[in-house]
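This report concerns only the one structure given below.
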Amino acid sequence: MFATERYQQILGRARADGRVDVSALAHELEVTPETVRRDLSTLERHGLVHRVHGGAIPVERLGFEPGLADREGLLSVEKELIAKAALDELPDGGSIILDAGTTTVRLAEMLPTDRELTVVTHALPVAIVLATRPGIALHLVGGSVRGRTLAAVGSWALRDLADIQADVVFLGTNGLTVEHGLTTPDLAEAAVKRALVAAARRVVVLADHTKMGRADFACVAPLSDVDTVITDTGVAPELVEEIETAGPRVVRA
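The number in my numbering is simply the position in the sequence shown, starting from 1, with 265 added.
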């Protein structure tokens, strides 16, 4: 088993059980306790778990979310594949909205140069990627910038988004379940995401498999509001079936 596969398995177990134990993980993964401790240290550096005596706790249980820089290098292959698959959802021309997040930044980097697109975003990293790109008419939504996600939130952002109707929104999410739909840890960010959904005719969610089956504090939208979910092959087939029964088409990149 590769290190990245262990990271995913450890993180999945931590989120499902609320904590993980070094000795139990060592037995389950058939590695030494020292290897597990190194893996937990790596996950802690990425802001995904908090080390405690004998194990670790997922950061979701501590009431905070990892920052953008901490998430940037995690699951990079999966995010790349998801972003590539999202290119098939682009209109031939027209307008799109790009939400904040590491996967939407990758999509911004991949936008084709053979067509003209109007792009709306409230995410500073997305805007930086697209500000000088030919063929892109960029509209940056204003507001108070959250340091953790570098996304504009608040009444200014909501007011700006109320004035538009784009062809497609590419939306990120921290959690996705059939029962609770799309969720995120921050109430202000959830309000902006709801405004993004309302501001587009089609909703495409970009979410790697670690987001599937988990629910965060603030609700964004039910799955009935989503047209397509693009994820990776790490998501369980039975969960894909449940999501599609709730409404969205699921693409496994």
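Beta carbons are placed, not taken as given, at the ideal position from N, Cα and C, and that holds for glycine.
When C-alpha distances from D364 are compared across L415, F435, A422, the shortest belongs to F435.
Per DSSP, the continuous beta strand (DSSP E) segment holding A486 begins and ends at 483-486.
G440 counts as buried, since no fewer than 16 other beta carbons sit within 10 angstroms of its beta carbon.
Spatial neighbours of E354 in its own chain (CB-CB distance under 7 Å, excluding positions within 5 residues in sequence) are listed in chain order as V433, V469, T493.
Contact check for S360 against A460 fails: the beta carbons are separated by 8 Å or more. Per DSSP, reduced to three states, the secondary structure at G319 is coil, with no helix or strand assignment. For P502, there are no CB contacts under 8 Å within the same chain when 5 residues up- and downstream are skipped. By the neighbour-count criterion, in which 16 or more other beta carbons inside 10 Å mark a residue as buried, T510 falls on the exposed side.
When rounded, the separation of the alpha-carbon atoms in M375 and G437 is 16 Å. Cβ contact annotation for G366 (same chain, cutoff 6 Å, sequence separation greater than five): G437, in chain order. Restricted to the region 365-446, the alpha helix (DSSP H) segments that are unbroken, complete and at least 4 residues in length are 367-375, 389-395, 420-426, listed in chain order.
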